[in-house]
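*Asks:* Residue numbers in the sequence shown follow our numbering, run continuously in steps of one, and reach 452 at the last position. Even for Gly, the Cβ is constructed at its ideal location relative to N, Cα and C.
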Amino acid sequence: MHRRLPGVQVAVRSADELVLSAAVGVADAVAGTPLTTEHLFRIASHSKTFTATAVLQLVEAGRMRLDDPIGRYVPELEAGGSPIARATVRELLGHQSGVVRDGAHADFWQLGQPFHDRDGVIAEVLRAGVVHRRNEHFKYSNIGYALVGLAIEAVTGTSYVEHLRTAVLEPLGLTRTGAEYDPARADEYAAGHTGLLLGEDGRTTIEHVDTRAMAAATGFYSTAEELTVYGSAHFLGDERLLTDDSKRLMQRLESVVTAYGTEVGRYGVGMALVTVGERQLVGHSGGYPGHSTQTLIDPVGKLVVSVLTNAIDGPAEDLAVGLVKLIDVALQPRAEVPPPPAGAPPLASFTGRFASLWGVLDIAELGGRLVLVRPTLPDPLPAVEELEVVDTGTLRVAAQPGFGPAGELIPLERDADGRVASLRVGGVTSRPVEEFLRRRPAMTRQNGLGSS
């Protein structure tokens with residue numbers, strides 16, 4: 001794990017096919033428990049997409065309106081004279097209500113106190129809940145979503161957790177997803193882990209807790225696989241949960257978020273909007289004490305990518321965006337190269353992970369082609385190179401403008417079993433990682449290579 005993460009769980013779904021489900025690393029860095037695709041992750045603000053979905057279902061059923069003031073469902077706000085009582089459900093879902101983010105006492109985010117219960121949420125709003133006027137600024141608010149959760153309870157006459165189970169999870173057959181921490185399944189959760197501060201090289205596990213009345217904002221747990229099932233229900237044309245009319249409303253642009261003159265995000269009604277290449281994606285990130293997660297959905301191209309990490313500083317967004325970019329490279333070559341010559345060995349015989357003092361590179365087969373990928377870069381796309389098979393022992397980098405070895409040959413050496421034992425990219429030799437590590441000590445001295 002290049003970034004020293006404990007573990008990563010990832011899944012990719014194309015249309016109705018699960019094309020990738022994988023887990024690497026450990027579920028618990030202290031116990032050393034291997035991470036599996038079945039481990040449960042706290043997915044935090046993904047919960048907002050579930051909450052918005054449940055609201056739109058109630059709107060479709062005529063039981064709620066997006067323009068209803070929240071005071072209709074949480075009468076204590078009206079009785080207490082809070083201006084937030086007039087904020088609409090839609091404004092709360094789109095973070096345009098002006099309500100405080102988490103309240104003045106929010107150390108539940110580092111387990112210093114319990115998450116707010118219903119009375120606590122209402123008390124925070126009544127005490128100092130107004131930060132901006134309605135629709136003055138985009139103001140991300142977990143308290144706002146907690147109020148929407150209370151509204152769902154008022155409309156349905158049942159708990160938020162129970163309603164989400166019957167209205168959203170059961171129709172999709174999701175059995176490893178829930179709206180709140182379930183202590184009966186404690187052994188199934190991946191442990192949360194602290195971030196690495198400057199100079200630190202070890203992590204501490206973080207206890208799981210329930211989020212009480214904040215569940216509508218941050219309570220959910222799931223797996224990457226099940227999140228791709230849920231994400232596919234937001235494809236246009238799939239009406240298991242919502243009509244396309246409602247999905248378009250959730251997914252359309254409500255706010256361009258600009259801070260200090262720079263755009264930092266876009267948001268719809270319960271979903272973030274992200275552009276990757278030519279794809280217009282929706283979805284959400286999630287940050288919970290010990291877990292960092294991201295799910296991206298292409299509702300038109302019918303693709304879902306979900307990445308779950310069990311560290312508070314896990315680069316889930318970078319990994320998810322990088323995966324989408326690599327998927328698009330697989331679908332569309334970055335440059336044209338000649339096909340392999342007759343009698344050339346299978347493309348798989350060229351593939352592998354190789355290392356030099358300058359880092360790691362992968363030769364991978366994508367979409368029936370060979371590409372060179374540098375997997376440790378935050379954005380892998382600029383360094384992806386299309387490769388031509390010249391013969392059994394030679395590749396060539398596609399001829400393109402660039403600062404790297406574009407157009408140059410990559411000589412290979414193979415071992416007795418025909419596997420690639422070394423390759424030279426730009427004249428620098430890379431070897432399978434284990435062999436590179438064996439040779440690395442000699443590479444740190446003048447003329448060290450000659451003595452190995």
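Assign Val55 to one of three DSSP states: helix, strand, or coil.
*Replies:* Counting from one through the sequence shown, the residue named residue 55 turns up at place 55. Of the three classes helix, strand and coil, the one that applies to Val55 here is helix, per DSSP.
*Asks:* Using the C-alpha atoms, what's the distance from Gly81 back to Thr309?
*Replies:* Here residue 309 corresponds to residue number 309 of the sequence shown, with the count starting at 1. Here residue 81 corresponds to residue number 81 of the sequence shown, with the count starting at 1. The alpha-carbon atoms of Thr309 and Gly81 are separated by roughly 42 Å.
*Asks:* Should Val264 be labelled buried (16 or more other beta-carbon atoms within 10 Å of its own) or exposed?
*Replies:* As a working note, residue 264 is residue 264 in the sequence shown. Per the 10 Å Cβ criterion, exposed.
*Asks:* Suppose the cutoff is 6 Å on Cβ atoms and the five residues either side in sequence are ignored; what does the same chain contact list for Gly290 look like?
*Replies:* Indexing the sequence shown from 1 puts residue 290 at position 290. The residues are Gly192, His193, Ile206 and Ile312.
*Asks:* Please return the same chain residues whose Cβ sits closer than 6 Å to the Cβ of Ser21, not counting the five positions on each side in sequence.
*Replies:* Numbered from 1 along the sequence shown, position 21 holds the residue referred to as residue 21. Ala11, Thr37 and Glu225, listed in sequence order.
*Asks:* Could you check the C-alpha separation between Val8 and Asp182 for me, to the nearest Å?
*Replies:* Residue mapping note: residue 8 aligns to position 8 of the sequence shown, counting from 1. Residue mapping note: residue 182 aligns to position 182 of the sequence shown, counting from 1. C-alpha separation (whole angstroms): 21 Å.
*Asks:* For Leu236, I'd like the list of residues in its chain whose CB is within less than 8 Å of its CB, leaving aside the five on either flank, ordered along the chain.
*Replies:* Taking the sequence shown and counting its residues from 1, the one referred to as residue 236 is at position 236. Excluding residues within five positions, the ones whose Cβ falls inside 8 Å are Asp244, Lys247, Arg248, Pro299 and Val300.
*Asks:* For the region 328–338 against the region 39–58, do three or more pairs of beta-carbon atoms, one drawn from each stretch, fall closer than 8 Å, so that the two count as touching?
*Replies:* Result no; under three Cβ-Cβ pairs closer than 8 Å.
*Asks:* Can you tell which of Phe108, Thr51 and Asp117 has the C-alpha that lies nearest to the C-alpha of Leu92?
*Replies:* Looking up residue 92 in the sequence shown gives position 92. Minimum Cα distance to Leu92 is reached at Thr51.
*Asks:* Compare the beta carbon distance of Gly231 and Gly314 with 8 Å and say whether it is the shorter of the two.
*Replies:* Translated into positions along the sequence shown, residue 231 becomes position 231. Translated into positions along the sequence shown, residue 314 becomes position 314. Result no, Cβ atoms of Gly231 and Gly314 do not sit closer than 8 Å.
*Asks:* At the level of alpha carbons, what is the spacing between Arg438 and Arg424?
*Replies:* Position 438 of the sequence shown holds residue 438. Position 424 of the sequence shown holds residue 424. Near 18 Å, if we compare the C-alpha coordinates of Arg424 and Arg438.
*Asks:* Using a Cβ distance threshold of 8 Å, determine whether the region 106–115 contacts the region 149–162, with at least three qualifying pairs required.
*Replies:* Contact fails: fewer than three Cβ-Cβ distances are below 8 Å.
*Asks:* How far does the alpha helix (DSSP H) with Glu385 in it extend, from its first residue to its last?
*Replies:* The residue given as residue 385 occupies position 385 in the sequence shown. Segment Glu385 to Asp391 is the beta strand (DSSP E) holding Glu385; no alpha helix (DSSP H) there.
*Asks:* Pull up the distance between the alpha-carbon of Leu56 and that of Gly144, whole angstroms please.
*Replies:* The residue you call residue 56 lines up with position 56 of the sequence shown. The residue you call residue 144 lines up with position 144 of the sequence shown. Spanning the two alpha carbons is a distance of roughly 16 Å.
*Asks:* Apply the 10 Å Cβ neighbour rule to Thr177 and answer buried if 16 or more other Cβ atoms are within range, or exposed otherwise.
*Replies:* Locating residue 177 in the sequence shown gives position 177, where the first residue counts as 1. Buried, since its Cβ has 16 or more Cβ neighbours within 10 Å.
*Asks:* Could you have a look at Gly322 and say whether DSSP puts it in helix, strand or coil?
*Replies:* To locate residue 322, count along the sequence shown from 1; it is residue 322. Here Gly322 sits in helix by DSSP.
*Asks:* I'd like to check one pair, Arg203 with Leu196: are the Cβ atoms closer than 8 Å?
*Replies:* As a position in the sequence shown, residue 196 is number 196, starting the count at 1. As a position in the sequence shown, residue 203 is number 203, starting the count at 1. Yes.
*Asks:* Just to confirm the assignment, what range does the alpha helix (DSSP H) spanning Pro75 have?
*Replies:* To locate residue 75, count along the sequence shown from 1; it is residue 75. Where Pro75 is concerned, the enclosing alpha helix (DSSP H) stretches over Pro75 to Ala79.
*Asks:* Over the uninterrupted alpha helix (DSSP H) stretch that includes Thr228, give me the two end residues.
*Replies:* As a working mapping, residue 228 is identified with position 228 in the sequence shown. Unbroken alpha helix (DSSP H) run through Thr228: Ala224 to Ser232.
*Asks:* Identify which residue in Asp102, Ile122 and Val100 has its Cα closest to the Cα of Pro75.
*Replies:* For this step, residue 75 is matched to residue 75 along the sequence shown. For the residues Asp102, Ile122 and Val100, the minimum Cα distance to Pro75 belongs to Ile122.
*Asks:* Indicate whether Met443 and Leu357 have their beta-carbon atoms separated by less than 8 Å.
*Replies:* Within the sequence shown, the letter at position 443 stands for residue 443. Within the sequence shown, the letter at position 357 stands for residue 357. Yes; because the gap between Cβ atoms is below 8 Å, this pair is in contact.
*Asks:* Which same chain residues, not among the five before or five after Gly450, have their C-beta less than 7 Å away from its C-beta?
*Replies:* Here residue 450 refers to the residue found at position 450 of the sequence shown. With a pLDDT of 47 at Gly450, under the threshold of 50, the modelled position of that residue is not reliable, and the figure given next carries that caveat. None.
*Asks:* Under DSSP, the beta strand (DSSP E) around Asp490 begins and ends at which residues?
*Replies:* Summary: the structure shown does not reach residue 490, with the chain confined to residues 1 through 452, and so no result is reported for it.
*Asks:* State the Cα-Cα distance for the pair Val89 and Val100, rounded to the nearest angstrom.
*Replies:* The residue you call residue 89 lines up with position 89 of the sequence shown. The residue you call residue 100 lines up with position 100 of the sequence shown. Each residue's Cα considered, the two are about 15 Å apart.
*Asks:* State the Cα-Cα distance for the pair Val256 and Arg266, rounded to the nearest angstrom.
*Replies:* Taking the sequence shown and counting its residues from 1, the one referred to as residue 256 is at position 256. Taking the sequence shown and counting its residues from 1, the one referred to as residue 266 is at position 266. Approximately 5 Å between the Cα atoms of the pair.
*Asks:* With distances taken Cα to Cα, identify the nearest neighbour of Ala87 among Asp107, Gly129 and Val59.
*Replies:* By 1-based counting over the sequence shown, the position of residue 87 is 87. That would be Gly129, whose Cα lies nearest to the Cα of Ala87.
*Asks:* Which residue marks the beginning of the alpha helix (DSSP H) containing Gln251, and which one marks its end?
*Replies:* Start at 1 with the first residue of the sequence shown, and residue 251 comes out as number 251. Looking at the DSSP string, the run of the alpha helix (DSSP H) that includes Gln251 is Asp244 to Gln251.
*Asks:* Which residues bound the beta strand (DSSP E) around Phe354?
*Replies:* Looking up residue 354 in the sequence shown gives position 354. Where Phe354 is concerned, the enclosing beta strand (DSSP E) stretches over Gly352 to Ser356.
*Asks:* Count the other C-beta atoms from every protein chain shown that fall within 10 angstroms of the C-beta of Val19, then say buried if there are 16 or more, exposed otherwise.
*Replies:* In the sequence shown, residue 19 corresponds to position 19, counting from 1. Val19 should be labelled exposed.
*Asks:* With distances taken between CB atoms, is the gap from Val24 to Thr33 smaller than 8 Å?
*Replies:* For the purposes of this step, residue 24 is taken as residue 24 along the sequence shown, with counting starting at 1. For the purposes of this step, residue 33 is taken as residue 33 along the sequence shown, with counting starting at 1. No.
*Asks:* May I ask you to report which of helix, strand or coil DSSP gives Glu91?
*Replies:* Within the sequence shown, the letter at position 91 stands for residue 91. Helix.
*Asks:* What's the C-alpha gap between Leu361 and Glu136?
*Replies:* In the sequence shown, the residue the question calls residue 361 occupies position 361. In the sequence shown, the residue the question calls residue 136 occupies position 136. Each residue's Cα considered, the two are about 48 Å apart.
*Asks:* With distance defined between alpha-carbon atoms, name the residue in Asp68, Thr175, Gly368 and Ala85 nearest to Val337.
*Replies:* Looking up residue 337 in the sequence shown gives position 337. Closest by alpha carbon: Gly368.
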